[in-house]
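Asker: This is the structure, below, for whatever I ask next.
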Amino acid sequence: MKAFALLLASAAALVAAPPALSAQAAPQADTVDPSVPTQLPRTAVPHHYALTVTPHADRLTFDGDVAIDLDVVKPTPTLVLNAADLSFASATLSRAGAGAAITGRVTVDDAAETATIAFPSTLAPGSYRLRLIYSGKINTQANGLFALDYKNKEGADARSLFTQFEAADARRFVPSWDEPDYKASWDLTARVPANQMAVSNLPAASTRAIGDGLKEVRFQTSPTMSSYLLFFASGDFDRVTKPSAGREVGIVVSRGNGTKAHYALDAEAQILPYYNDYFGTPFPLPKLDNVAGPGQSQFFGAMENWGAIFTFEYALLDDPAITTEGQRQQIYSTEAHEMAHQWFGDLVTMAWWDDLWLNEGFASWMENKTTQHFHPEWQAEVDRVGSREAAMGLDALNSTHPVVQSVRTVEQANQAFDSIAYQKGESVIGMLEHFAGPDVWRDGIRRYIRAHAYQNSRTTDLWAAQEAAGARGITVVATDFTTQPGIPLVTAGSAQCAGGATVVTLTQGQFSADRQQQAAANPLSWHVPIEATAGGPVAKVLTSGQTTQLTVPGCGPLMINPGQYGYYRTLYTPQQSAALAGQLPGLSPVDQFGLISNAMALSLAGYQPMQTGLDFLAAMPPNGSAKVVQRTVGRWDDLYDLMDSDPTAQAAIASRVVKAYGPRLQQLGFTPRPGEPAVDAVLRPTLIGQLGKYRDPAVLAEASRLFAAWKSDPNAIPGSLKSTWLGVIATNADAATWDAIRERARATTGTIERTSLYQLLGRAHDEALGRRALDLALTDEPGKTTSAGIITAVAAQHPRMAIDFVLAHLAQVNRLIDISGRSRFMQRLAGSSRDPELIPVLESYAQANLAESDRKPIQQTVDRIRSESAQAQRIRSETAAWLAAHRQSGGAAPAGRPERG
Ligand SMILES: [Zn+2]
8 MKAFALLLAS AAALVAAPPA LSAQAAPQAD TVDPSVPTQL PRTAVPHHYA LTVTPHADRL
68 TFDGDVAIDL DVVKPTPTLV LNAADLSFAS ATLSRAGAGA AITGRVTVDD AAETATIAFP
128 STLAPGSYRL RLIYSGKINT QANGLFALDY KNKEGADARS LFTQFEAADA RRFVPSWDEP
188 DYKASWDLTA RVPANQMAVS NLPAASTRAI GDGLKEVRFQ TSPTMSSYLL FFASGDFDRV
248 TKPSAGREVG IVVSRGNGTK AHYALDAEAQ ILPYYNDYFG TPFPLPKLDN VAGPGQSQFF
308 GAMENWGAIF TFEYALLDDP AITTEGQRQQ IYSTEAHEMA HQWFGDLVTM AWWDDLWLNE
368 GFASWMENKT TQHFHPEWQA EVDRVGSREA AMGLDALNST HPVVQSVRTV EQANQAFDSI
428 AYQKGESVIG MLEHFAGPDV WRDGIRRYIR AHAYQNSRTT DLWAAQEAAG ARGITVVATD
488 FTTQPGIPLV TAGSAQCAGG ATVVTLTQGQ FSADRQQQAA ANPLSWHVPI EATAGGPVAK
548 VLTSGQTTQL TVPGCGPLMI NPGQYGYYRT LYTPQQSAAL AGQLPGLSPV DQFGLISNAM
608 ALSLAGYQPM QTGLDFLAAM PPNGSAKVVQ RTVGRWDDLY DLMDSDPTAQ AAIASRVVKA
668 YGPRLQQLGF TPRPGEPAVD AVLRPTLIGQ LGKYRDPAVL AEASRLFAAW KSDPNAIPGS
728 LKSTWLGVIA TNADAATWDA IRERARATTG TIERTSLYQL LGRAHDEALG RRALDLALTD
788 EPGKTTSAGI ITAVAAQHPR MAIDFVLAHL AQVNRLIDIS GRSRFMQRLA GSSRDPELIP
848 VLESYAQANL AESDRKPIQQ TVDRIRSESA QAQRIRSETA AWLAAHRQSG GAAPAGRPER
908 G
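Structure (structure tokens):
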């Protein structure tokens with residue numbers, strides 16, 4: 008699964024109460040691992056499902072008929088399986104090859120999301136077929152079987168159906184043993200309108216007309232797989248295809264959108280053979296589709312259903328009317344991510360959600376590796392550091408959790424999809440690959456996939472495969488970083504130059520954003536693979552214990568973690584920092600961004616003065632790597648927002664950014680140039696947006712000119728910059744401007760553009776317009792999956808107002824969010840706030856709406872606000888002092904040299 012925004016907190020009004028656990032049941036003769044925590048009694052194991060569904064899209068209901076071949080593994084009078092929001096008409100059980108079917112009585116437990124089928128007598132162990140006739144609901148958010156409404160090519164209302172099951176929503180589609188280690192094969196049959204296309208994991212085996220304008224599509228039998236990977240869609244679709252590596256790859260789109268799919272189709276065809284080779288096991292299914300859905304979710308952007316990936320249109324289709332170069336690159340990386348899951352997740356599946364990182368950390372790492380491989384010009388190695396920083400943002404808080412986490416409820420499974428599973432997982436894997444060496448690591452992956460294909464695995468299985476491949480010693484490092492939370496802090500002592508080498512003592516502790524003293528007094532301890540350079544060859548050492556002596560060839564400035572593969576922070580002496588900041592302009596982009604991020608994090612957390620971090624930030628040459636400049640501008644803007652109580656300091660930051668980066672924007676120009684580097688095409692909108700926010704006259708004038716032209720001609724702004732220029736306008740909008748954007752949103756039929764325009768309405772600085780956007784979100788006008796995005800946009804400007812509004816309309820707002828995303832929505836809304844007054848609001852919200860076990864995302868938000876507000880005064884005064892001392896320079900001066908005073 009892939010999310011673009013950080014996934015956040017939990018508004019769990021509608022979330023099921025935590026079901027009772029029976030992890031201790033420990034049955035014999037069970038093909039399912041008895042040590043896996045489960046919410047189902049381990050009395051039966053399914054092997055095959057034959058499922059027929061008949062959707063009634065107009066009524067938002069469906070009928071289901073499933074025959075489940077299963078083994079009863081211990082005598083039991085009941086069968087218990089998962090079911091949510093299903094109504095049962097009948098349940099019958101027949102013994103394979105003998106006797107008449109017996110009838111069972113079904114009772115459902117809504118809170119536990121189970122159905123219990125009681126039989127007249129105890130079932131003896133053996134093979135059975137369970138047949139259930141039932142009906143269910145078609146949802147309007149992405150859970151279970153759901154409908155997405157849109158305007159078709161002709162501008163008429165249309166509705167397509169899709170499924171979304173991860174983590175625990177297959178049970179809304181089919182009564183099933185809906186846990187990842189109950190793998191089974193599937194025969195899906197669907198009865199759909201004769202003029203529609205039906206899509207599933209496998210190609211259709213047969214199609215026949217069945218009258219009443221319907222057809223019956225029977226899909227080929229799937230290999231054994233987890234229930235959350237089953238997929239079904241039906242709609243007025245086109246499918247574009249290509250052969251690749253002996254398979255067929257395809258993109259499924261709403262009719263008429265085929266040309267927007269070619270970019271994604273080419274990427275899919277390019278990546279498949281690369282993965283076949285890397286994983287050492289060819290993609291096992293005959294086809295791989297990626298199905299585009301018109302809409303959005305607050306939980307995910309794309310989902311790795313085996314052979315039938317689902318992706319929302321905005322993350323899959325290249326629409327010349329609105330898609331930016333940055334989004335095009337995300338289309339590529341999202342496909343690389345979901346395709347990696349076809350092996351990591353689908354072919355080999357984690358036994359339980361505790362090991363979710365095996366899916367998400369790997370897919371994230373592979374996504375970046377693949378992007379770097381095929382598109383080195385995008386400088387995705389800088390994004391690798393971005394992932395590390397996103398992970399550390401959460402991992403520095405007391406309420407973080409280990410990569411291998413504890414998941415005991417459905418809601419905790421939903422919450423497990425966070426930056427620790429994704430970005431820390433990715434970062435730790437990157438570190439381990441570097442430790443093992445890429446060839447050994449790849450060999451370990453091939454062994455792991457081969458050993459666990461069509462089965463389930465755990466984190467320890469991966470380390471065993473890596474050790475077997477020759478990555479000796481990896482288990483101790485991997486175990487430290489995946490079973491313990493937090494971030495190592497490596498403190499460098501004063502370095503001595505002796506015999507042409509730098510000798511330095513490293514002291515290991517723990518980095519913390521919100522409890523430095525406790526972490527210093529009682530730090531966790533890791534085996535950290537450390538690398539360092541002093542201008543010559545890289546020296547390596549594996550720490551064990553508190554202090555480590557390191558000898559580095561050369562006597563230049565000491566840089567620890569060159570290449571930025573290590574997952575740790577480094578605290579340098581002031582002299583070392585000054586020397587490194589002085590060197591920054593000549594370093595590689597990945598080290599530039601790594602050092603800036605490291606220094607800023609230490610300064611913000613109070614390990615060193617803000618001056619040190621700011622010296623690094625100011626050392627980034629404005630004409631340097633476009634990718635790093637883009638990130639650097641973002642860092643300045645974070646500071647700008649943080650200084651919101653100090654207009655003088657804000658003005659100083661704005662003028663510094665405009666002076667430093669205005670010339671870069673001039674150089675790039677306001678419009679895309681044919682054949683320009685892709686990183687320039689991504690930097691341009693960042694600079695336009697930033698300078699627009701700081702009200703740079705040239706940018707505002709161009710925005711006004713374009714807006715006037717756009718009002719009479721929707722194509723007056725190049726598609727790749729449309730959301731950027733309109734974003735500048737929307738942010739500074741007055742009522743008439745806001746109305747004009749809304750009018751155009753209403754008249755636009757293309758789903759991606761329409762959604763994008765509606766979300767712009769949430770971006771106004773003006774509070775009254777923010778309130779109008781919130782009111783609009785509760786109407787039917789924007790569309791069922793668009794409204795939550797409007798509220799999120801308002802929250803970025805006016806977090807308190809948005810949160811108060813949501814709390815006042817909680818039941819209505821919850822209907823706008825998929826069940827799996829509800830619990831994080833509040834965390835997302837609070838994401839841009841540093842207001843301590845929000846803490847009691849969030850805490851009482853959690854108390855009233857979330858089970859105690861499910862409050863972690865809120866706790867993380869509270870911890871973050873608390874730690875940021877504890878540091879805020881110091882950060883503000885030190886930053887103001889630095890800005891005053893550096894007022895004369897535009898930020899363009901080389902770093903490390905005090906520019907003035
Ligand atoms: Zn994923």
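Going by the numbering used here, the sequence shown opens with residue 8, and the numbers climb by one from there. Glycine included, C-beta positions come from ideal geometry on N, C-alpha and C. Only a predicted model underlies this, so the values are computations on that prediction, with no experimental measurement involved.
1) Can you determine whether any heavy atom of ligand 1 sits closer than 7 Å to the C-beta of residue 344, and answer yes or no?
2) Less than 8 Å separating the beta-carbons of residue 548 and residue 557?
3) Using only the alpha-carbon positions, how far apart do residue 418 and residue 859 sit?
4) Taking all protein chains shown into account, do 16 or more other C-beta atoms lie within 10 angstroms of the C-beta of residue 50, making it buried, or fewer, making it exposed?
5) Near residue 244, what residues of its chain come up, given a Cβ to Cβ distance below 6 Å and the 5 sequence neighbours on each side ignored?
6) Mind checking residue 160: buried by the 16 CB within 10 Å criterion, or exposed?
7) Inspect the CB distances between the region 739-747 and the region 770-785 and report whether three or more fall short of 8 Å.
8) Using 7 Å as the cut-off, classify the Cβ of residue 297 as near or not near the heavy atoms of ligand 1, replying yes or no.
9) Does the beta-carbon of residue 311, which I'm using as the reference point, lie nearer than 7 Å to any heavy atom of ligand 1?
10) Can you confirm whether the region 363-375 touches the region 401-418 when touching is taken to mean that 3 or more C-beta pairs between the two stretches lie within less than 8 Å?
11) Quick one: is the Cβ of residue 8 within less than 7 Å of any heavy atom of ligand 1?
12) Residue 266 and residue 223 - do their beta-carbons sit closer together than 8 Å?
13) Determine, using beta carbons only, whether residue 250 comes closer than 8 Å to chain D.
14) Quick one: what does DSSP say residue 614 is sitting in, helix, strand or coil?
15) Buried or exposed: where does residue 104 fall if 16 or more other Cβ atoms within 10 Å of its Cβ makes it buried?
16) Under the three-state reduction of DSSP, which class applies to residue 143: helix, strand or coil?
17) Who are the near neighbours of residue 194 in its chain, counting only those whose CB is closer than 6 Å to its CB and skipping five residues on each side?
18) Just how far apart, CA to CA, sit residue 77 and residue 190?
19) Quick check on this structure: which residue in 567, 450 and 531 has the alpha carbon closest to the alpha carbon of residue 499?
20) From the DSSP output, read off the bridge partner residues of residue 112.
21) Tell me whether the region 289-308 and the region 343-360 touch, counting them as touching only if at least three CB pairs, one residue from each stretch, are closer than 8 Å.
22) Check this for me: beta carbons of residue 110 and residue 121, under 8 Å apart or not?
23) Could you check the C-alpha separation between residue 891 and residue 806 for me, to the nearest Å?
24) If you measure from the CB of residue 197, is any heavy atom of ligand 1 nearer than 7 Å?
25) Taking the alpha-carbon of residue 424 as reference, which of 841, 8 and 851 has the nearest alpha-carbon?
26) Do residue 885 and residue 607 count as a contact pair if the criterion is CB distance below 8 Å?
27) Grouping DSSP H, G and I as helix and E and B as strand, with all else coil, what is residue 381?
28) So the candidates are 594, 668 and 591; which of them puts its Cα closest to the Cα of residue 629?
29) Please report the residue range of the beta strand (DSSP E) in which residue 718 lies.
30) Are the region 422-439 and the region 386-404 in contact at 8 Å, needing three or more beta carbon pairs?
31) Quick one: Cα of residue 38 to Cα of residue 52, how far?
32) Rounded to the nearest angstrom, what separates residue 834 and residue 624 at their Cα positions?
33) At a cut of 8 Å, does the region 485-504 reach the region 568-587 through at least three beta carbon pairs?
34) Compute the beta-carbon to beta-carbon distance between residue 578 and residue 591, rounded to the nearest angstrom, for a pair I have assumed lies under 8 Å.
35) In its own chain, which residues sit with a C-beta less than 7 Å from the C-beta of residue 889, not counting the 5 before and 5 after it?
36) DSSP has residue 193 in a bridge; who is on the other side?
Answerer: Walking through what the data contain:
1) yes
2) yes
3) 11 Å
4) buried
5) 204 and 259
6) exposed
7) yes
8) no
9) yes
10) yes
11) yes
12) no
13) In the structure shown, chain D cannot be found, because there is only a single protein chain.
14) coil
15) exposed
16) strand
17) 57 and 228
18) 11 Å
19) 567
20) 125
21) yes
22) no
23) 30 Å
24) no
25) 8
26) no
27) helix
28) 668
29) No beta strand (DSSP E) contains residue 718, which is instead part of the alpha helix (DSSP H) from 704-719.
30) yes
31) The pLDDT assigned to residue 38 is 48, lower than 50, so where the model puts this residue is not dependable; a value taken from the coordinates is nonetheless given after this. So the two alpha carbons sit approximately 7 Å from each other.
32) 29 Å
33) yes
34) In fact, because the Cβ distance is near 17 Å, the residues do not count as touching under 8 Å.
35) 617, 618 and 621
36) 56
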